[in-house]
Amino acid sequence: MADESTSIAVLSEAHEQIERPSSKISSVFVFGLLVVLIAFAGIGGWAATAPMASAVPAAAILKVKGERKLVQHFEGGIVEKVLVEEGETVKAGQLLVLLNDIQVSATASRLRNQIDLHVAQKARLIAERDMSVSIIFPEELMSRINEASVLEIIESERQQFLARRESLSGQVNILRQRISQLNDQIEGHRLQRKSRFDQLEIFELELGGLRELYEKGYYPRNEVLARERAMARLRGEAGSDDAQIARAQNGVGEAKSQIINLRQRFREDVVGQYQDIQAATSDLRQRLAVAEDVLARIEVKAPQSGIVQNLAVHTIGGVVRGGQLLMEIAPQDKELIVEAQVSPNDIDNVQVGQEAEVRLVALNLRLTPSIMGTVMSVSGDRLVDQVTGVGYFLIRAEISESEVAKLGDVALSAGMPADVLIKTGERTALAYLLKPLTDSLARGMNEK
Numbered sequence: 000m001a002d003e004s005t006s007i008a009v010l011s012e013a014h015e016q017i018e019r020p021s022s023k024i025s026s027v028f029v030f031g032l033l034v035v036l037i038a039f040a041g042i043g044g045w046a047a048t049a050p051m052a053s054a055v056p057a058a059a060i061l062k063v064k065g066e067r068k069l070v071q072h073f074e075g076g077i078v079e080k081v082l083v084e085e086g087e088t089v090k091a092g093q094l095l096v097l098l099n100d101i102q103v104s105a106t107a108s109r110l111r112n113q114i115d116l117h118v119a120q121k122a123r124l125i126a127e128r129d130m131s132v133s134i135i136f137p138e139e140l141m142s143r144i145n146e147a148s149v150l151e152i153i154e155s156e157r158q159q160f161l162a163r164r165e166s167l168s169g170q171v172n173i174l175r176q177r178i179s180q181l182n183d184q185i186e187g188h189r190l191q192r193k194s195r196f197d198q199l200e201i202f203e204l205e206l207g208g209l210r211e212l213y214e215k216g217y218y219p220r221n222e223v224l225a226r227e228r229a230m231a232r233l234r235g236e237a238g239s240d241d242a243q244i245a246r247a248q249n250g251v252g253e254a255k256s257q258i259i260n261l262r263q264r265f266r267e268d269v270v271g272q273y274q275d276i277q278a279a280t281s282d283l284r285q286r287l288a289v290a291e292d293v294l295a296r297i298e299v300k301a302p303q304s305g306i307v308q309n310l311a312v313h314t315i316g317g318v319v320r321g322g323q324l325l326m327e328i329a330p331q332d333k334e335l336i337v338e339a340q341v342s343p344n345d346i347d348n349v350q351v352g353q354e355a356e357v358r359l360v361a362l363n364l365r366l367t368p369s370i371m372g373t374v375m376s377v378s379g380d381r382l383v384d385q386v387t388g389v390g391y392f393l394i395r396a397e398i399s400e401s402e403v404a405k406l407g408d409v410a411l412s413a414g415m416p417a418d419v420l421i422k423t424g425e426r427t428a429l430a431y432l433l434k435p436l437t438d439s440l441a442r443g444m445n446e447k
C-alpha cells in the first residue's frame, strides 16, 4: 500500500510538471491574439473614420496665359530686310521683316491713276449731261492738283469737254443755219404770194372794165382772154408759193427735231458712259483696297510683345511663300498656367474652381516645393492625342504670382513638364481600399 501511494504521488507531480508549460503557452497565444485584434480594430477604426485627401492625377506642362503668336504673310514676297534675331525681345507693333514692295506699289499707283482718270471723266460727263459751260472737279482731285499726273488728267478732260461741246454746238449750228435759210425761203415765198395776190386784185378790177367794153364792142375778145389767162397763171404761182412755204416749214420742223434728237443722243451717250465708268470705278476701288492691304502687309509687325522664337527668315532677297511661318512671338512676363490631360475615367471628379497641386518634375523634387493652382477651365468634350490616339479631357489651372514666388530664384519657362494632383475632396482610407471591390460589384450586379 505504501508503494502504491508513492507511485500515485510521483505520477501527480509529473502531471503537474507537464500541465504548467501548456498553460503558459496558452496565455501567450491569447495575449498575442488580443494584441492583433486590438491592432486591427484600431487600424480598421482609423481607416473607417480618418479623412484622407483625394485627388485626380494628371501629366501636364507649363504654359503662359497667352499663346504664342504665329507670324505669317498671306501673299508672300521677296525679303527686303530682317530686323530681328532669334531670342530678341520685341514690342507689339514693332517692325520685324520688310518685304520688297516694288510690284505691289506699282500696281497700287496704276490703280490710283486709273481711279483719278475715272473721277475726272465722271465730272466731265456730269457737266456735259447738264449742258454746263465748265467742269466742276471734285475735291479729291482739286486737293492734289499740284501733282503732275492729276493736273494732266484735269487738263485732258477740260480739253475733251471743250472739243465735245464744240462738236455738238457745230452740229446744232448747222441745223440752225438750215432753219434760218428755210425761214428766209418761207418769207420770200410769202412775199411773192402776197405780190401775186395783189396783182390778181388789180387784174380783177381791170378785167371787170374790159368785159364791159367787150360787151359794148369797144374791146377785143382776145385781149380779155389774155387777161384771164394772166390771172390764172398768177393763181397757179400763188399755189406754188404755198407749196414751197409748206415744204420749207416741214424742213424747219425736221431741223428742229434733229437738234432735239442730237442733244438727246448726246445725253444718252453721256449717261451710258457715266454708268460704265461708275461700274469700272467701283471695281478699281475694290482692287486698290486689296493692293493697299497687301502693301500695308509689306511691313510684317509683331502681333504682341514677347520673344522671337523659331525665326525662319534670314536671307535678304529670299522668297517667302504665301502663308509661310516667319517666326513665333512667345509672350513674356505673363501669368503662368498649367495644361493637363485628365483621363476620361476621372473627369467626373474635376470641376472649375478646384485646387490643383503642381509638382515640377523637371526640377529637384526634394529642393523644389509644390505650388498650388486653381482649375480655370475644363474642355467641354473629349479630345484625342493625334500621336498616341489616347483620349483625354484638357484642363487648365492658373498659378498666381504669390505661388510662383515660393520657388524663389527658380526660373520657370513654358514647356516645362509637371505632375498635377487635382484635389477632389476627402474620403476614408477604407473607402479608398474598398473602391475597386465596390466598383466590381456594381458592374457585376448590372450585368445581364
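Sequential numbering of the sequence shown, starting at 0, is according to numbering that gives the first Met the number 0. The C-beta atom is built at its ideal place from N, Cα and C for all residues, glycine as well.
Exposure of residue i, with buried meaning 16 or more beta-carbon neighbours within 10 Å
| i | result |
| --- | --- |
| residue 385 | exposed |
| residue 181 | buried |
| residue 353 | buried |
| residue 10 | Residue placement at residue 10 cannot be trusted, given a pLDDT of 45 that sits under 50; what the coordinates show is reported in the next sentence. Residue 10 comes out exposed. |
| residue 160 | buried |
| residue 392 | buried |
| residue 101 | exposed |
| residue 20 | Confidence at residue 20 is low in this model, with a pLDDT of 49, below 50, so the placement of that residue is unreliable and no value is reported for it. |
| residue 141 | exposed |
| residue 34 | exposed |
| residue 149 | buried |
| residue 381 | exposed |
| residue 156 | buried |
| residue 288 | exposed |
| residue 259 | exposed |
| residue 144 | exposed |
| residue 212 | exposed |
| residue 185 | buried |
| residue 18 | For residue 18, the pLDDT reaches just 49, beneath the cut-off of 50, and the residue's location in the model is therefore unreliable, although a value from the coordinates is still provided. So residue 18 counts as exposed. |
| residue 383 | exposed |
Cβ-based neighbour list, residue i, same chain, cut-off 8 angstroms, excluding 5 preceding and 5 following
| i | result |
| --- | --- |
| residue 403 | 335, 370 and 411 |
| residue 128 | 266, 269, 270 and 273 |
| residue 286 | 110 |
| residue 423 | 53, 54, 55, 348, 349 and 353 |
| residue 105 | none |
| residue 318 | 75, 76, 77 and 78 |
| residue 147 | none |
| residue 302 | 68, 70, 91 and 328 |
| residue 325 | 70, 71, 72, 95, 96, 299, 310, 311, 312 and 319 |
| residue 84 | 307 and 310 |
| residue 121 | 273, 276, 277 and 280 |
| residue 405 | 368 and 370 |
is_contact[residue i, chain C] using C-beta, thresh 7 angstroms
| i | result |
| --- | --- |
| residue 354 | Going by chain labels, chain C is absent from the structure shown, which holds only one protein chain. |
Cβ-based neighbour list, residue i, same chain, cut-off 6 angstroms, excluding 5 preceding and 5 following
| i | result |
| --- | --- |
| residue 81 | 96 and 312 |
| residue 261 | 170 |
| residue 243 | 188 |
| residue 456 | As displayed, the chain neither begins before 0 nor continues past 447, which places residue 456 out of reach and without an answer. |
| residue 254 | 174, 177 and 178 |
| residue 331 | 305 and 306 |
7 angstroms Cβ shell around residue i - same chain, five flanking residues per side excluded
| i | result |
| --- | --- |
| residue 60 | 338, 414, 415, 416 and 417 |
| residue 73 | 296, 321 and 322 |
| residue 151 | none |
| residue 362 | 409 |
| residue 448 | For residue 448 there is no data in the structure shown, the boundaries of the chain being 0 and 447. |
| residue 342 | 391 |
| residue 293 | 74 and 103 |
| residue 316 | 77 and 78 |
| residue 196 | 237 |
| residue 515 | The question about residue 515 has no answer, for the chain in this structure spans 0 to 447. |
| residue 291 | 107 |
For residue i, the first and last residue of its enclosing alpha helix (DSSP H)
| i | result |
| --- | --- |
| residue 136 | Element bounds for residue 136: n/a, residue is neither H nor E. |
| residue 71 | Not the alpha helix (DSSP H): residue 71 falls in the beta strand (DSSP E), residues 68-71. |
| residue 108 | 101-128 |
| residue 280 | 220-295 |
| residue 402 | 400-404 |
Opening and closing residue of the beta strand (DSSP E) in which residue i lies
| i | result |
| --- | --- |
| residue 341 | 335-341 |
| residue 76 | 76-81 |
| residue 376 | 370-377 |
| residue 308 | 305-308 |
| residue 85 | Careful: residue 85 lies outside any beta strand (DSSP E) and carries neither H nor E. |
| residue 362 | First-last for residue 362: undefined, no H or E at that position. |
- Message: Assess contact between the segment 162-173 and the segment 214-222, defined as three or more Cβ pairs (one per stretch) separated by less than 8 angstroms. Is contact present?
- Response: no
- Mind the definition here: the segment 51-69 touches the segment 253-267 only if three or more C-beta pairs lie below 8 angstroms; say whether that holds. no
- Every unbroken beta strand (DSSP E) inside the segment 193-217 [3 residues or more]: none
- Message: Tell me whether the segment 227-241 and the segment 121-138 touch, counting them as touching only if at least three CB pairs, one residue from each stretch, are closer than 8 angstroms.
- Response: Segments in contact, no.
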